[in-house]
Structure formats: C-alpha cells, structure tokens
Amino acid sequence: MANKSKTKPQTLTDLSVAIYPGFALVQGVYKVHLKKGDNKFQLQGLPVHVDADSVYVDSFTGPGNVTLGGTSYRAANLNPVSLQAKALNNKVTLYFGSTVPAEQQQLKGTLLNLVGSLPGGTAVVQVEDEVRLVPNVQSVSFDSLPEGLSNTPSLSVNATAEKEGWYLVRLLYKTRGMSWSADYKWVYDEKNGTIDLEASVKVTNNSGAAYDKAKLKVVAGDVGNGMEAHSDYESVGLAMAPQMAGGRSAVSKQVRQATTQSLGNVKVYTVPGSNKLEEGERQVLPFLTRSGVPVKREFHAKPFHSWHSYGNRQESKVETVYLLKNDDANKLGVALPAGGVQILQRDEHGDLLPSGSGFAAELAVNAELKVEAGSDFDLKVTRIVKNLDSQDGPQKTAGKKGAKTTTKKVTHTRECAVELFNGKDKEVEFKLEEALAEGITFKGKNNLVQVAAGLYEQRVNVPAGQTVSVEFTLVEVEEVEVETETQE
4 MANKSKTKPQ
14 TLTDLSVAIY
24 PGFALVQGVY
34 KVHLKKGDNK
44 FQLQGLPVHV
54 DADSVYVDSF
64 TGPGNVTLGG
74 TSYRAANLNP
84 VSLQAKALNN
94 KVTLYFGSTV
104 PAEQQQLKGT
114 LLNLVGSLPG
124 GTAVVQVEDE
134 VRLVPNVQSV
144 SFDSLPEGLS
154 NTPSLSVNAT
164 AEKEGWYLVR
174 LLYKTRGMSW
184 SADYKWVYDE
194 KNGTIDLEAS
204 VKVTNNSGAA
214 YDKAKLKVVA
224 GDVGNGMEAH
234 SDYESVGLAM
244 APQMAGGRSA
254 VSKQVRQATT
264 QSLGNVKVYT
274 VPGSNKLEEG
284 ERQVLPFLTR
294 SGVPVKREFH
304 AKPFHSWHSY
314 GNRQESKVET
324 VYLLKNDDAN
334 KLGVALPAGG
344 VQILQRDEHG
354 DLLPSGSGFA
364 AELAVNAELK
374 VEAGSDFDLK
384 VTRIVKNLDS
394 QDGPQKTAGK
404 KGAKTTTKKV
414 THTRECAVEL
424 FNGKDKEVEF
434 KLEEALAEGI
444 TFKGKNNLVQ
454 VAAGLYEQRV
464 NVPAGQTVSV
474 EFTLVEVEEV
484 EVETETQE
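Per my numbering, residue 4 is the first one in the sequence shown, and the count goes up by one each step.
Structure follows, in structure tokens:
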C-alpha cells in the first residue's frame with residue numbers, strides 16, 4: 004500500500020511545552036475545517052507516551068459557535084494491514100502490470116476486493132458503472148490518509164458547528180518521557196569573594212514526538228493535586244558584566260534571560276525564544292546569568308560522630324562550603340530551581356578550570372544557600388584521644404521474683420585534642436564542628452559553642468603551614484550489666 008498524497012499532515016502549532024517533575028504538559032492549536040452541523044475529525048501528532056485520559060479540548064475559535072461532543076483516543080494504528088482494510092470500498096489508484104514503476108499502468112476506481120497479497124495480487128475494482136478484474140497489482144495509493152488511521156496516537160473528536168469554516172482547536176495533554184534538570188556554572192573570583200553565575204536547563208525528550216517552535220517552560224516544586232494561578236511575576240533579566248581574565252578584558256556573554264512565575268505551589272521558568280525539541284534529543288539551554296554575586300567561602304571540619312569510641316586517632320578531610328544570600332542586595336533576588344553546581348576558577352594563564360562541585364537545593368527569594376563543594380586538598384583535621392580514664396560507680400540490684408540483675412555505672416573521662424592543619428600559603432579560618440551523643444558532656448571550660456541539640460562549633464584561625472590544636476575533656480556515664488543470676 005502507498006499514500007502518494009501531497010497533503011501535509013496537520014499538526015499542532017503555537018506550541019507550549021511545560022515540563023514538570025515526572026511528566027510534561029503540551030498545549031497547542033490545531034486547524035480544522037468544519038461543515039455546518041455534525042462533524043467528526045481526527046487530531047494527529049500526539050506522542051507515543053501520551054496520557055490518554057489527560058487529553059483535553061480547551062476551546063474552538065472560528066466563524067461560529069461549536070458544541071463539543073464525545074472524544075475517543077486511538078493508539079498509533081497505521082500499518083500495511085490496517086491500510087489495506089481501509090482501502091476496501093474507497094477510491095484508490097492501482098498500479099499494475101510490470102514490476103518496473105516507469106512501465107506500470109494506472110487505474111482509478113473504488114476497490115471492492117483484493118485477492119492475494121501485494122505485489123502480485125488481483126483486485127476487483129469498480130470504475131464508474133463497470134466492475135473490472137485487475138491482475139498483477141503492484142501497489143495501491145490513496146488521495147489522502149484514510150479516516151481513522153495515524154502513525155502517531157490520535158484523538159477522534161465529534162463536534163457540531165453553527166457555521167461552516169476553518170476553526171482553531173486549542174488542545175492540551177500530558178505525556179511521559181520528558182524530563183529536565185537545572186545546571187549551574189559559578190566562576191569564582193577568590194580575590195573579590197564573588198561569583199559570575201550562569202544557569203542552564205537540560206531538557207530530554209523521549210516522549211515519542213518532536214515539538215517545533217515551542218515555548219518551553221520548566222516547573223519546579225510539588226504539584227500536589229492541582230495548581231492555582233497567581234499573577235506574581237518576577238523579572239530575571241540581567242546581562243553578565245565584563246570580566247577580567249588573566250589581565251585581559253573579557254567580552255560579556257549575552258544570554259537570553261528567563262522569567263519566573265509563581266503558580267500555586269510551584270515555580271514556572273519560561274525559557275526565552277522559540278525552541279525545537281527533537282525526539283530522543285537532549286538540549287542544554289542557558290536561561291539566567293548574574294555577575295558579581297557576593298559569596299562567602301568557608302572551610303568546615305565536619306563532625307565525626309562517636310569518633311572517640313572508635314580508637315585513639317581519627318583523620319578526616321575538611322569540606323569547602325560556599326554561602327550566599329538570595330536577595331536584591333546580593334545581586335540575585337529570584338527563585339532558583341535545584342541543580343548541580345560546578346565551580347570554576349581562572350588559573351595564572353586566565354583559563355577556567357573546575358575547582359569544586361556540589362548541589363544547590365531549591366532556593367526561594369531572601370533565603371540562604373549553602374553548597375558543599377568537596378574537600379580541600381591542603382587542609383586536614385585529626386581527632387585524638389590523649390588519655391582515657393574509666394571509674395566504676397556503685398552497683399544497683401533490680402529485678403523481680405526468681406531473677407536478679409546487677410548493674411553498675413562506669414564513668415569514662417577522655418582527654419581529647421583536635422588538630423587542624425593548614426597547608427596553604429595564607430591563614431585559614433576553620434569552622435570546627437563537634438557532635439556529642441546523648442549521655443556525653445564536656446568537662447570544664449572550652450571555646451566550643453552550642454548551636455543546636457548535640458552540635459557545637461568553634462571558629463579557629465590557623466596560620467599558613469601550621470597546625471593548631473583544640474583541646475577539651477569529654478565525660479560519658481555508661482550503665483553496664485555485670486551479672487544476672489536465677490534464684491532457686
């Protein structure tokens with residue numbers, strides 16, 4: 004079977020693709036000609052992974068009012084078997100005789116029957132008032148694709164039009180197979196304590212359809228059971244300022260800026276311009292730049308829980324942490340989606356090289372962001388138990404008839420030291436963090452300050468190339484079962 008019609012299949016235009024966590028919502032306009040009265044037409048071009056229950060006809064725009072009737076969904080059903088079935092009792096063009104296309108004869112008529120398979124079958128054709136038997140049929144073509152067949156999922160729509168004419172049908176549906184993630188590049192200026200930020204969105208389309216000239220939106224947040232629109236728009240438009248690179252003046256890179264809308268529980272980021280999303284394609288689309296954003300870099304000696312119970316010496320690395328405030332005063336002030344962060348710095352030649360990476364959680368306006376970017380090569384923390392003294396307390400007997408349990412309290416006193424080593428060529432401030440389990444307390448004075456239940460901190464300046472020791476004593480009281488006897 005063949006369809007040699009030059010009529011281009013109708014597809015959705017004025018596309019909008021909004022990618023949510025786990026699905027995408029596609030909206031567009033379909034142009035269709037309706038006669039006065041009852042009509043049935045087919046909306047084609049739906050993706051393979053469309054959610055059939057989500058297809059919704061939003062509105063009709065045209066010369067008259069339209070009353071929507073029932074709709075029915077069809078999976079992709081265009082294949083040789085279905086095409087041959089649709090050929091029966093329809094007008095077709097038969098190509099028969101020679102196997103060489105240039106030498107074949109043609110005959111137009113209504114196909115009544117086809118005996119055997121193609122090529123080489125015999126057709127029964129009605130041509131005006133004559134019924135003819137046509138042997139050795141090589142192929143059959145249609146003037147247009149038969150009603151009800153589509154190489155993509157489709158929607159059959161019943162509608163009653165008040166007037167004949169061309170109408171625009173606005174349609175929306177959900178589809179699986181589309182995903183997005185945010186990606187951030189931070190160019191860190193260590194001297195000035197700032198970053199130049201560029202945000203991109205990575206979009207993957209495995210829905211089973213392509214989307215041409217689409218307005219692209221990505222949605223962050225918890226959709227829940229519904230979305231309620233608000234008219235709360237936040238402008239995200241700032242161009243990256245010129246940078247200095249290795250003593251050279253760098254030309255600013257212009258990126259089309261996205262807009263952000265609050266919509267119920269979520270944030271909607273509209274990527275500027277018209278985008279083409281091919282099936283099976285992954286695109287990276289820049290949507291936000293900011294320059295000179297103040298950032299504080301800290302070095303955290305993270306807590307090593309119960310380290311004093313594991314042995315006399317525990318070594319660990321020191322985490323590099325970047326902190327920023329998301330407000331206008333700090334040259335941000337726009338909600339940002341969660342995503343991976345790559346931190347870049349310029350070397351002595353002006354080349355950008357990765358110097359750390361981490362993850363940024365969803366960031367509301369006026370909130371603070373902390374990005375842990377990996378351990379520092381030059382810094383180290385060593386925790387040491389210098390002395391352990393354990394003393395028994397009084398015994399206590401408890402139990403019930405027929406049994407006796409004897410316990411005693413043992414007090415462990417540990418003299419501890421935390422050594423902070425700085426291998427850099429300049430002084431570094433460490434943030435030492437210590438976590439104490441329930442039942443463990445400090446003995447005597449120290450400079451650790453409690454910041455939360457069981458969590459303590461101390462800021463320590465360590466000169467270049469030196470080690471500074473922080474000392475304290477821990478006390479732990481432990482109840483130990485020493486004997487269990489059964490009385491006769």
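Each residue gets a CB set at the ideal place from its N, CA and C atoms; glycine is no exception.
Here the segment 20-33 lies against the segment 161-179, with 3 or more beta-carbon pairs under 8 Å apart. A straight line joining the alpha-carbon of Val137 with that of Ala90 spans about 15 Å. Of Ser85, Ile198, Val103 and Thr70, the smallest CA-CA separation from Ala164 is found for Thr70.
With a cutoff of 7 Å on beta-carbon distance, Lys320 and Gly295 are scored as not near each other.
If you ignore the 5 residues before and after Gln453, its C-beta comes within less than 6 Å of the C-beta of Tyr459, all in its own chain and listed in chain order.
Distance from Arg77 to Ser157 at the Cβ level is roughly 5 Å; contact confirmed, criterion being Cβ atoms closer than 8 Å. The segment 416-424 and the segment 468-483 touch, with no fewer than 3 CB-CB distances between them shorter than 8 Å.
The alpha-carbon of Lys429 is positioned some 54 Å away from that of Lys216. The beta carbon of Thr197 sits closer than 7 Å to those of Gly295, Val296, Pro297 and Val298, all from its chain and outside the five residues before and after it, given in chain order. For Pro297, the enclosing beta strand (DSSP E) covers residues Glu284 to Pro297. Contact annotation: Ile346 and Trp183 have beta-carbon atoms that are not nearer than 7 Å. For Phe26, the enclosing beta strand (DSSP E) starts and ends at Phe26 to Leu37. Residue pairing by DSSP places Gly124 opposite Val140 in a beta bridge. Taking a 10 Å sphere around the C-beta of Asn93, we find fewer than 16 other C-beta atoms and assign the residue as exposed.
The closest CA to that of Glu131, considering only Ser203, Val271, Ser144 and Leu114, is found on Leu114. Cβ-Cβ separation between Ala21 and Lys220: approximately 4 Å, consistent with a contact (criterion under 8 Å). Residue Gly40 holds the alpha-carbon nearest to the alpha-carbon of Asn161 among Gly40, Leu110 and Gly267. Here the segment 273-291 does not lie against the segment 352-371, with fewer than 3 beta-carbon pairs under 8 Å apart.
Rounded to the nearest whole angstrom, the CA to CA distance from Val128 to Asp146 is 16 Å.
In summary, Gly72 is exposed, with fewer than 16 beta-carbon neighbours lying within 10 Å of its beta-carbon over all protein chains present. Beyond the five residues adjoining it in sequence on each side, Val274 comes within less than 6 Å, by CB distance, of Leu219, Ala261, Leu288 and Phe290 in the same chain, given in chain order. Each residue's CA atom was taken as its position, placing Lys166 and Val35 some 13 Å apart. DSSP places Asn464 in the strand class (E or B) of the three-state scheme.
With 16 or more other CB atoms across the displayed protein chains lying within 10 angstroms of its CB, Gln47 is buried. Secondary structure note for Ala217: its beta strand (DSSP E) is the uninterrupted segment Tyr214 to Ala223. Of the other Cβ atoms in all chains shown, 16 or more fall within 10 Å of the Cβ of Tyr33; this residue is therefore buried. When only Cα atoms are considered, Ala212 and Pro24 end up about 19 Å apart. For Phe307, no beta strand (DSSP E) encloses it, and the DSSP letter there is neither H nor E.
In this structure, Met181 lies away from Ser144, with their beta-carbon atoms at least 7 Å apart. Listed in chain order, the alpha helix (DSSP H) runs fully inside the segment 177-207 amount to none, counting runs of at least 4 residues. For Phe307 against Arg386, the beta-carbon gap comes to about 6 Å, under 8 Å, which counts as contact.
Taking each of Leu382, Asp199 and Ala363 in turn and checking the Cα distance to Ala338, the smallest one comes out for Ala363. Nearest to Val471 by C-alpha distance, out of Asn390, Lys43 and Lys383, is Lys383. Judged by DSSP in its simplified three-state form, Gln47 adopts coil rather than helix or strand. The Cβ atoms of Asp199 and Gly343 lie no closer than 7 Å to each other.
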